[in-house]
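Accompanying notes for the structure given below.
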Amino acid sequence: MDNFSFWSPTYFAFGKDSENRAGELAARFGGSRVLVHFGGSSARRSGLLDRVEKSLADAGIYYAELGGVQPNPRSGLVYEGIELCKSDNIDFILAVGGGSVIDSAKAIAAGALYDGDFWDFYDGKHVERALPVGTVLTIAAAGSEGSPDSVITKEEGMLKRGTGSDALRPKFSILDPALTQTLPPYQTAAGITDIMAHLYERYLTNTKDVEVTDRLIEALLLTMKHEGPRVIADPDNYEARANIMWAGMMAHNNSCGVGRSQDWSSHNIEHELSALYDCAHGAGLAVTMPAVFKYVMSHDVMRFAKVAVRVWGCQMDFDHPEVTALEGIEAFRSFLISLGMPKNFEELGAREEDIPKLVETLCRVNNSDGCVHGFTTLNEDDCTKIYQMMV
Ligand code: NZQ
Ligand code: ZN
Numbered sequence: 001m002d003n004f005s006f007w008s009p010t011y012f013a014f015g016k017d018s019e020n021r022a023g024e025l026a027a028r029f030g031g032s033r034v035l036v037h038f039g040g041s042s043a044r045r046s047g048l049l050d051r052v053e054k055s056l057a058d059a060g061i062y063y064a065e066l067g068g069v070q071p072n073p074r075s076g077l078v079y080e081g082i083e084l085c086k087s088d089n090i091d092f093i094l095a096v097g098g099g100s101v102i103d104s105a106k107a108i109a110a111g112a113l114y115d116g117d118f119w120d121f122y123d124g125k126h127v128e129r130a131l132p133v134g135t136v137l138t139i140a141a142a143g144s145e146g147s148p149d150s151v152i153t154k155e156e157g158m159l160k161r162g163t164g165s166d167a168l169r170p171k172f173s174i175l176d177p178a179l180t181q182t183l184p185p186y187q188t189a190a191g192i193t194d195i196m197a198h199l200y201e202r203y204l205t206n207t208k209d210v211e212v213t214d215r216l217i218e219a220l221l222l223t224m225k226h227e228g229p230r231v232i233a234d235p236d237n238y239e240a241r242a243n244i245m246w247a248g249m250m251a252h253n254n255s256c257g258v259g260r261s262q263d264w265s266s267h268n269i270e271h272e273l274s275a276l277y278d279c280a281h282g283a284g285l286a287v288t289m290p291a292v293f294k295y296v297m298s299h300d301v302m303r304f305a306k307v308a309v310r311v312w313g314c315q316m317d318f319d320h321p322e323v324t325a326l327e328g329i330e331a332f333r334s335f336l337i338s339l340g341m342p343k344n345f346e347e348l349g350a351r352e353e354d355i356p357k358l359v360e361t362l363c364r365v366n367n368s369d370g371c372v373h374g375f376t377t378l379n380e381d382d383c384t385k386i387y388q389m390m391v
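Numbering (my numbering), first residue to last: 1 to 391.
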């Protein structure tokens with residue numbers, strides 16, 4: 001196991017009606033002038049926004065609103081939010097929504113205390129300080145409620161990039177699984193896929209002897225395998241929603257990733273798809289992961305065979321471990337398709353003729369040394385072949 005430091009200070013309020021604690025928690029973590037940041041229409045329609053704002057008002061907290069975050073959040077609204085924070089002396093940002101809203105809130109939080117262009121942080125500069133952020137999560141997926149990360153798309157060139165800093169970890173996150181019951185099935189499935197991707201990206205490691213994190217990841221993958229079909233069959237199943245919601249947090253606050261190298265090539269390759277086609281990140285991952293896994297499998301076939309046996313129930317073929325490894329990848333792919341996820345470019349809305357453009361942005365613009373680094377190093381030729389496998 002590698003040396004590591006791990007600092008995860010987020011306070012979690014989990015369970016039914018916990019959104020009514022928004023005011024109390026914002027006050028506890030220093031908020032007196034709060035920007036309530038939210039997405040398109042779901043939080044307003046469900047009445048969640050009213051309940052959260054009442055809770056703030058009951059706690060004697062001033063609040064301003066900034067809605068309109070779109071999935072794959074854009075830089076334009078971030079600039080607007082930064083101006084609003086500065087002109088209205090905002091001292092706390094409360095994100096009410098999914099990963100897109102939370103990531104936009106984190107970007108605003110960093111930009112509000114910075115004199116330059118906030119995009120510098122998505123261009124390699126480290127975030128040293130940011131306004132405090134709290135979240136009321138409405139979809140189990142990105143894990144941004146417990147992560148130090150934020151992913152934003154710059155309209156100019158449609159560049160989708162991430163930044164990470166402990167300064168961006170939320171001060172508190174409110175997780176009420178009942179809030180996720182209004183999700184369309186496709187979004188629920190995309191969220192499940194993203195959670196499983198966050199687990200696989202950590203499972204694909206080159207660090208030896210990391211049994212404790214291997215076992216944690218396997219447990220969470222098994223949980224998703226069990227709860228995924230239950231929640232798709234019965235969207236009102238609170239217990240399944242609760243297990244998925246907490247698994248989503250644990251999958252990405254890095255408690256399963258400490259002390260080991262991680263992959264993230266599927267995420268890098270997928271981000272070009274959601275940037276260009278505006279597809280759901282999880283749906284893009286459903287198409288990307290099986291292709292990447294098959295392409296890199298030979299790098300450590302036993303690792304793929306291990307997850308095949310321990311999670312997907314495959315029989316170990318000791319003479320041909322690559323057969324077991326492949327069975328595990330196919331089982332995972334079939335599982336995602338059974339949840340309603342797309343299986344290829346066409347179903348995702350992607351186009352084969354765009355592959356050169358995808359590869360160029362991936363390898364030349366977003367990764368300046370021309371390669372995607374992770375479990376293995378993938379050059380332009382490798383990435384082209386991987387995208388072709390998704391067609
Ligand atoms: O905008 P509204 O109307 O709220 O609709 C949203 C949106 O259309 C809807 N929705 C959310 N909660 C709902 C709901 N609809 C009904 N009922 C509810 N309770 O769902 C749609 C998707 O929301 P979004 O926030 O985009 O989903 P998600 O949480 O999957 O976030 C995706 C973004 O997170 C990034 C992705 O790249 C993508 O941009 N990621 C962020 C990470 C992080 N910060 O750590 C890591 C991830 O790997 C990921 O890259
Ligand atoms: Zn993800």
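Think of the CB as a built atom: it goes at the ideal place given N, C-alpha and C, for glycine as much as any other residue.
query = Which residue spans inside the region 158–213 form an unbroken beta strand (DSSP E) run of at least 3?
reply = 159–164, 172–175
request  = Can you say whether residue 312 is buried or exposed, counting buried as having 16 or more other CB atoms within 10 angstroms of its CB?
outcome  = buried
request  = Round the Cβ separation of residue 39 and residue 101 to the nearest angstrom and send it over; I've been treating them as touching at under 8 Å.
outcome  = 5 Å
message = In this structure, how does DSSP classify residue 61 when only helix, strand and coil are distinguished?
response = coil
inquiry  = Between 275, 217, 266, which has its C-alpha nearest residue 290's C-alpha?
reply    = 266
Residue 129 versus residue 366 - alpha carbon distance = 24 Å
request  = Compute every distance between the C-beta of residue 39 and the non-hydrogen atoms of ligand 1, then say whether any falls below 7 Å.
outcome  = yes
ask   = How is the beta strand (DSSP E) around residue 137 delimited, first residue to last?
value = 133–137
key: Host alpha helix (DSSP H) of residue 247 (start-end)   = 238–252
ask   = By Cβ distance below 8 Å, which residues in the same chain neighbour residue 55 in space, the five residues on each side in sequence not counted?
value = 19, 20, 21, 22, 23, 24
query = Hey, how far is the Cα of residue 406 from the Cα of residue 380?
reply = What the structure shows of the chain is the stretch from 1 to 391, and residue 406 is not part of that stretch, so it cannot be assessed.
ask   = For residue 389 versus residue 295, is the C-beta spacing smaller than 8 Å?
value = yes
inquiry  = Below 8 Å, how does it come out for the region 72–79 and the region 93–111: are there three or more Cβ pairs, yes or no?
reply    = yes
ask   = Within 10 angstroms of its Cβ, does residue 132 collect 16 or more other Cβ (buried), or is it exposed?
value = buried
request  = Measuring alpha carbon to alpha carbon, tell me which of 228, 378, 361 ends up nearest residue 156.
outcome  = 361
ask   = How would you call residue 298, buried or exposed, if buried means at least 16 neighbouring beta carbons within 10 angstroms?
value = exposed
inquiry  = Going by DSSP, what residue range makes up the alpha helix (DSSP H) through residue 45?
reply    = 42–45
message = ligand 1 and residue 151: does any heavy atom of the ligand fall closer than 7 Å to the residue's C-beta?
response = yes
Buried/exposed call for residue 184, threshold 16 Cβ in 10 Å = exposed
query = Shortest alpha-carbon distance to residue 37 belongs to which of 177, 30, 52?
reply = 52
ask   = Are residue 283 and residue 342 touching if we call contact CB-CB under 8 Å?
value = yes
ask   = Going by alpha carbons, who is nearest to residue 302 out of 322, 286, 288?
value = 322
inquiry  = Starting from residue 382, trace the alpha helix (DSSP H) in both directions and tell me its first and last residue.
reply    = 380–390
query = Can you tell which of 9, 292, 305 has its C-alpha closest to the C-alpha of residue 318?
reply = 305
message = Quick check on the DSSP output: the alpha helix (DSSP H) that includes residue 332 runs from which residue to which?
response = 321–339
ask   = Does any C-beta atom of chain C lie closer than 8 Å to the C-beta of residue 270?
value = Within the model displayed, chain C is absent; a lone protein chain is all it includes.
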